[in-house]
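Chemist:
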Amino acid sequence: MKEKHVIGDDITFTPIDIGRIGEAMDFQAMIIEKMENKDFFTPLTKQEFVTPIKGRDNVYFLKYKNELIGLVVSTCDIPEVLSEYRIPSNNVMLIDSIMIKEDFRGFGLQKQALSLLEKRARELDLEGLVATVHPKNIYSLRNFLEMNYSILHSAFLHGGERLVLVKRI
Ligand SMILES: CC(C)(COP(=O)(O)OP(=O)(O)OC[C@H]1O[C@@H](n2cnc3c(N)ncnc32)[C@H](O)[C@@H]1OP(=O)(O)O)[C@@H](O)C(=O)NCCC(=O)NCCS
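Residue numbers (my numbering): -16 to 152.
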């Protein structure tokens, strides 16, 4: 693995405020536009950005020299969503989105972000983390499995098949 870009070294990982949601949504649209298989990712709504920002965790920007190169959305206290995902505990963090700009892929930034979210989940005294991944999204799935997430089940979510991944901490 190349180690050219590292969060905390040349890449910043910073929570955003409500005023930056437009920027986050434009970034999300740009990433989805370039995805070969658009079924891999259902765009988050404005409310899905507002909830984490107002809640216990947040939306994070990854920046390289002031350029937005990544987006992470991590949400707590969403019992309705967790019930839809058939997650037995409500005391978990949902990783709702991780996106890295094409030029910055291949440096392990998804895994680095997952480590930071895990640290945050521990600070919040949560029991674990949850994510959903399209079964054919091999790059993302591999990263979650290598970070010791396990596949809880496969479900029909976001208009298609998704693997529900969980990690207890
Ligand atoms: C999933 C994602 C965040 C992974 O980015 P990343 O952490 O930079 O990827 P990695 O460092 O694990 O990359 C490992 C290798 O896979 C390649 N790779 C990663 N994502 C790729 C993609 N979407 N398409 C093609 N190759 C990809 C990298 O170039 C690298 O190749 P190399 O080893 O030959 O250099 C990124 O692909 C992405 O933003 N995808 C679109 C949004 C998405 O699917 N998010 C996850 C939703 S669950």
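Glycine included, every Cβ here is placed at the ideal spot set by N, Cα and C.
1) So, Met76 versus Asp40, is the Cβ gap smaller than 9 angstroms?
2) Quick check on this structure: which residue in Pro26, Leu92, Phe24 and Met130 has the alpha carbon closest to the alpha carbon of Val149?
3) What is the rounded straight-line gap between the Cα of Ile83 and the Cα of Ile15?
4) Kindly indicate the opening and closing residues of the alpha helix (DSSP H) around Thr34.
5) Leaving out five residues before and five after Ile134 in sequence, what residues of the same chain have Cβ atoms less than 7 angstroms from its Cβ?
6) Just mark Asn120 as buried or exposed, buried being the case when its beta carbon has 16 or more other beta carbons within 10 Å.
7) Pull the bridge partners of Glu110 from the DSSP assignment, please.
8) Is Ala114 near ligand 1, in the sense that its beta carbon is under 8 angstroms from a heavy atom of that ligand?
9) Measure the C-alpha to C-alpha separation of Asp(-7) and Phe44 and round it to an integer number of angstroms.
10) Ignore the nearest five residues each way along the sequence and tell me which others in Pro35's own chain have a CB closer than 8 angstroms to its CB.
11) DSSP has Phe(-4) in a bridge; who is on the other side?
12) How about Lys94: is its Cβ closer than 8 angstroms to a heavy atom in ligand 1?
13) Does any heavy atom of ligand 1 sit closer than 8 angstroms to the C-beta of Met8?
14) On a CA-only basis, which of Ile(-10), Thr25, Lys17 and Tyr132 is nearest His117? Give me that one, please.
15) Three or more C-beta pairs closer than 8 angstroms, one from the segment 67 to 76 and one from the segment -7 to 3: is that the case here?
16) Mapping the DSSP letters down to three states, classify Asp79 as helix, strand or coil.
Modeler: Straight from the coordinates:
1) Residue mapping note: residue 76 aligns to position 93 of the sequence shown, counting from 1. Residue mapping note: residue 40 aligns to position 57 of the sequence shown, counting from 1. Annotated as proximal: Met76 and Asp40, with beta-carbon spacing under 9 angstroms.
2) The residue you call residue 149 lines up with position 166 of the sequence shown. A check of alpha carbon separations from Val149 across Pro26, Leu92, Phe24 and Met130 identifies Met130 as the nearest.
3) By one-based count along the sequence shown, residue 83 stands at place 100. By one-based count along the sequence shown, residue 15 stands at place 32. Roughly 11 angstroms separates the two Cα atoms.
4) Walking along the sequence shown from the start, residue 34 turns up at place 51. Where Thr34 is concerned, the enclosing alpha helix (DSSP H) stretches over Lys29 to Lys37.
5) Position 151 of the sequence shown, counting from 1, holds the residue named residue 134. Hits under 7 angstroms: Leu146 and Leu148.
6) Counted from its first residue, the sequence shown places residue 120 at position 137. By the neighbour-count criterion, in which a residue is buried when 16 or more other Cβ atoms sit within 10 angstroms of its Cβ, Asn120 is buried.
7) Locating residue 110 in the sequence shown gives position 127, where the first residue counts as 1. For Glu110, which the question treats as bridged, DSSP gives no partner whatsoever.
8) Numbered from 1 along the sequence shown, position 131 holds the residue referred to as residue 114. Within the cutoff, so yes.
9) Here residue -7 refers to the residue found at position 10 of the sequence shown. Here residue 44 refers to the residue found at position 61 of the sequence shown. Answer to the nearest angstrom: the Cα atoms are 13 angstroms apart.
10) Residue numbering aside, residue 35 sits at position 52 when the sequence shown is read from its first letter. Asn41, Val42, Val56, Ser57, Thr58, Cys59 and Asp79, listed in sequence order.
11) Locating residue -4 in the sequence shown gives position 13, where the first residue counts as 1. According to DSSP, which records beta bridges pairwise, Phe(-4) is partnered with Leu45.
12) Walking along the sequence shown from the start, residue 94 turns up at place 111. Flag set: Cβ of Lys94 near ligand 1.
13) In the sequence shown, the residue the question calls residue 8 occupies position 25. Distance from the C-beta of Met8 to the nearest heavy atom of ligand 1 is not below 8 angstroms.
14) Counting from one through the sequence shown, the residue named residue 117 turns up at place 134. The option with the nearest alpha carbon to His117 is Thr25.
15) Verdict: no, contact absent.
16) If you number the sequence shown from 1, residue 79 lands on position 96. Strand at Asp79.
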